[in-house]
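Here the structure comes first, spelled out in structure tokens, and everything after it is commentary.
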DNA sequence: GCCAACGTTGGC
DNA sequence: GCCAACGTTGGC
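Numbering (UniProt numbering), first residue to last: 1 to 156.
Put into structure tokens, the structure is as follows:
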């Protein structure tokens, strides 16, 4: 496996966990991902040191609000075994975990939000395949190329 | 709050 | 293995 730094975009609802929350705690175990494709990106793709575009969804101005760093490779998400958790999965067994998470570290908050609106206007430069703006995409964890990373942050 | 676009579940 | 019903995401 390559050790070259990779880039990702991770969505969160600011009412639940915002960039300001991440800044306060420093490092956060990214629990609650319950989508297989998103899980596979964390499990099979993420390496310590990878870059993360921190995205706010389900809010007045959806968009990229900060950057973060991957602090751990994937390990089992403990909330899947916790009956009191919203993320409890009765089908997950400790000897056969179904869901994983990674630790995400605060890097910086952008000077301003790079709004989804503006990102859509850059569709051509970002490439047709950019899944954040692909029709109907709902993935909460998705890969970003080095060129897309550079282009998106140049919009700040 | 609405609803389109998906993903998952479960009966058959 | 099909597919209808249901649940979720997330922009608007």
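Glycine included, each C-beta is placed from N, C-alpha and C at the ideal position.
For residue i, the nearest candidate out of the options (CA to CA)
i, options, result
"residue 112", "54, 101, 28 and 139", "54"
Own chain, CB closer than 7 Å to residue i, minus 5 neighbours either side, in chain order
i, result
"residue 39", "33, 99 and 100"
"residue 94", "81"
"residue 106", "22, 23, 26 and 68"
Inter-residue Cα distance where the pair is residue i and residue j
i, j, result
"residue 17", "residue 124", "31 Å"
"residue 75", "residue 102", "7 Å"
"residue 65", "residue 56", "7 Å"
"residue 71", "residue 143", "17 Å"
"residue 83", "residue 89", "8 Å"
"residue 136", "residue 35", "15 Å"
"residue 47", "residue 10", "15 Å"
"residue 42", "residue 145", "16 Å"
"residue 31", "residue 140", "12 Å"
Neighbourhood of residue i by C-beta distance below 8 Å, restricted to the same chain and skipping five residues each side
i, result
"residue 59", "13, 14 and 15"
"residue 6", "45, 46, 47, 50, 51 and 143"
Secondary structure of residue i, DSSP reduced to three states
i, result
"residue 3", "coil"
"residue 50", "coil"
"residue 155", "coil"
"residue 81", "helix"
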